[in-house]
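Student: One structure, as structure tokens, below. Some questions next.
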Amino acid sequence: MTDTSVAAFRAAPGPGARTRVWDLPTRLFHWALAIAVVGMIGTGLNGAMEWHFRIGYTVLALLLFRLLWGFMGGRWSRFGAFVYGPGSLAAYLRGRAHPDHLIGHTPLGALSVFAVLAILVLQVATGLMADDEISASGPLTRFVSGEIVGMATGWHKAQGKWIVIALASLHVLAVLFYVLIKRHRLVRPMVSGDKLVPSESGQVAPSRDDAASRWLALVLFALCAGVAWWISSLRV
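As numbered in our numbering, residues 28 to 263 make up the sequence shown, in order.
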């Protein structure tokens, strides 16, 4: 039986049908980014700048990959699957969630995802242009004006750093709240890829997670890693 057939079988209708929601590339991205962000924060706070840069380039490659995978990945990993309007968010907060909200990201979870991705993009971008005038300067500092370097450095070392820490902490607390208080299984699906979909959701299309999509993800990540390496090579 092929991976696609297995996913379709898991999505068969019935009470609590198991559905492949998170494809393997998305799961690997999620855990790799979590580890990299912790490493980036730790090395930054401890002044281990060479490792801070290395991990920063890794985060850059991961973010570039997620941007592409948001359009080419599995059904529930695509941005179109969790871009919600104000009405959907209001309904969810009032306890009138749409069945789709119980499958992929909820409207509140989607806001958290986009906020984390946006602040990480900004933090990495400013890091590439930052210069502490002592021992560390980003690879793009020589391509921008001194004024931009100053603003990027100030943001990266002050507001940006603490916003990243705050959002990462809030994300962990939100997961703990849903797991411990609301009894929603959020961690296991991000490990196995499968989620128990309520019967009221009806027939749910699973995310594609076959060999072809995984090879595509590998090629895309290799390209993104190449871009990150090229940017790192500009550092003098």
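The C-beta atom is built at its ideal place from N, Cα and C for all residues, glycine as well.
(1) Give the straight-line distance between the Cα atoms of L247 and Q186, rounded to the nearest whole angstrom.
(2) Could you tell me the alpha carbon to alpha carbon distance between R215 and I175, rounded to whole angstroms?
(3) What separation, rounded to the nearest whole angstrom, lies between the Cα atoms of A145 and R235?
(4) How many Å lie between F106 and V224 at the Cα?
(5) What residues are listed by DSSP as bridge partners for K222?
(6) Pick out the complete alpha helix (DSSP H) segments inside the region 103 to 128, 4 residues or longer, and give them in chain order.
(7) By Cβ distance, which residues of its chain are closer than 8 Å to V206, with the 5 residues on each side in sequence left out?
(8) Do you know whose CA, among L243, V231, A239, A255, lies nearest W103's CA?
(9) Report yes if the C-beta distance between Y84 and A255 is below 8 Å; otherwise report no.
(10) Which of the three DSSP states, helix, strand or coil, is assigned to S164?
(11) Find out if the Cβ-Cβ distance for the pair P52, A244 is shorter than 8 Å.
(12) Please classify D159 as buried or exposed, where buried requires at least 16 other C-beta atoms within 10 Å of its C-beta.
(13) Whole angstroms is fine: what's the gap from M99's alpha carbon to W257's?
(14) Applying the criterion that 16 or more other CB atoms from any shown protein chain within 10 Å of the CB defines a buried residue, is L203 buried or exposed?
(15) Between I68 and L261, what straight-line distance do the alpha-carbon atoms span, to the nearest angstrom?
(16) From the DSSP secondary-structure annotation, give me the bridge partner or partners of D264.
(17) Report the residue ranges of all alpha helix (DSSP H) runs contained in full by the region 172 to 201; include only those spanning at least 4 residues, in chain order.
(18) By how many angstroms is the C-alpha of R123 removed from the C-alpha of H183?
(19) Please work out which residues of its chain come closer than 8 Å, Cβ to Cβ, to V110, disregarding the five sequence neighbours upstream and downstream, and give them in chain order.
(20) Express the C-alpha separation of S139 and I208 in angstroms, rounding to a whole number.
(21) Between the C-alpha atoms of W78 and S219, what's the straight-line distance to the nearest angstrom?
(22) Measuring straight from C-alpha to C-alpha, what distance separates M26 and T180?
(23) What are the uninterrupted segments assigned as beta strand (DSSP E) that are 3 or more residues long and contained completely in the region 39 to 98, given in chain order?
Tutor: Concretely, from the data shown:
(1) 32 Å
(2) 43 Å
(3) 26 Å
(4) 20 Å
(5) T46
(6) 113 to 120
(7) R212, L213, V214
(8) V231
(9) yes
(10) strand
(11) yes
(12) exposed
(13) 24 Å
(14) exposed
(15) 23 Å
(16) The first residue shown for the chain is 28 and the last is 263, placing residue 264 beyond what the model contains.
(17) 173 to 184
(18) 40 Å
(19) A137
(20) 19 Å
(21) 31 Å
(22) Here the chain comprises residues numbered 28 to 263, so residue 26 is not present and cannot be evaluated.
(23) 44 to 47
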